[in-house]
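The structure appears right after this line, and notes come after that.
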Amino acid sequence: MELDYKEIGKRVKIARIRADLTQEALAEKAGLSITHMSNIENGHSKLSLPMAVALANVLSVSVDEFLCDSVIHSKEVFSHEVQMLLEDCDDYEIRILTDLLKAAKDTIRKDMKLKQQE
Numbered sequence: 001m002e003l004d005y006k007e008i009g010k011r012v013k014i015a016r017i018r019a020d021l022t023q024e025a026l027a028e029k030a031g032l033s034i035t036h037m038s039n040i041e042n043g044h045s046k047l048s049l050p051m052a053v054a055l056a057n058v059l060s061v062s063v064d065e066f067l068c069d070s071v072i073h074s075k076e077v078f079s080h081e082v083q084m085l086l087e088d089c090d091d092y093e094i095r096i097l098t099d100l101l102k103a104a105k106d107t108i109r110k111d112m113k114l115k116q117q118e
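Right under this line is the structure:
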């Protein structure tokens with residue numbers, strides 16, 4: 001299975017922004033050059049396991065937050081992501097998003113059922 005380094009980089013960037021750090025500050029804390037940090041976020045550099053751990057420690061996140069798109073069973077990570085998306089929503093927005101999720105879930109399950117019958 002091929003890792004999607006662009007997606008991993010996007011997740012590193014999101015975690016950095018949530019931590020209110022600049023690329024420069026994160027690079028310094030993780031022991032990286034600013035250029036390497038930029039290349040990781042843009043998916044131009046492969047992120048090594050030791051570097052993923054170092055970044056996760058600086059950003060106070062789990063490494064699986066960076067890798068969730070590459071892991072087949074990542075329900076906990078995506079549940080956390082949904083929770084983060086809803087964090088700043090008001091009651092109206094949460095109700096609308098809940099209705100959308102229910103409709104999407106029903107559509108996905110119906111589609112899966114049809115594919116199994118074929």
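According to this note's numbering, the residues represented by the sequence shown are 1 to 118, in order. Ideal Cβ placement from N, Cα and C applies to all residues, glycine included. This structure is a prediction, so every number in the text was calculated from the model and none was measured.
1. Relative to the C-alpha of serine 48, which residue among Leu86, Val58, Leu59 and Val63 is closest?
2. For methionine 37, does the count of other Cβ atoms within 10 angstroms reach 16, so buried, or fall short, so exposed?
3. Which residue wins for smallest C-alpha separation from histidine 44, given the options Leu3, Lys75 and Lys29?
4. Less than 7 Å between the C-beta atoms of alanine 27 and isoleucine 17, yes or no?
5. Are leucine 59 and alanine 25 touching if we call contact CB-CB under 7 Å?
6. Do you know offhand how far lysine 110's Cα is from serine 79's?
7. Counting only runs of 4+ residues fully inside the stretch 73 to 114, write out the alpha helix (DSSP H) ranges in chain order.
8. Figure out for me which residue from Leu86, Lys10, Val53 and Ala54 has the closest Cα to the Cα of asparagine 42.
9. Only counting runs of 4 or more residues, tell me where the alpha helix (DSSP H) segments fall wholly within the stretch 7 to 57, in order along the chain.
10. Ignore the nearest five residues each way along the sequence and tell me which others in leucine 67's own chain have a CB closer than 7 Å to its CB.
11. Tell me whether alanine 56 is buried or exposed, calling it buried when 16 or more other Cβ atoms sit within 10 Å of its Cβ.
Considering the structure as presented:
1. Val63
2. buried
3. Leu3
4. no
5. no
6. 22 Å
7. 75 to 86
8. Lys10
9. 23 to 30 and 34 to 41
10. Ile8
11. buried
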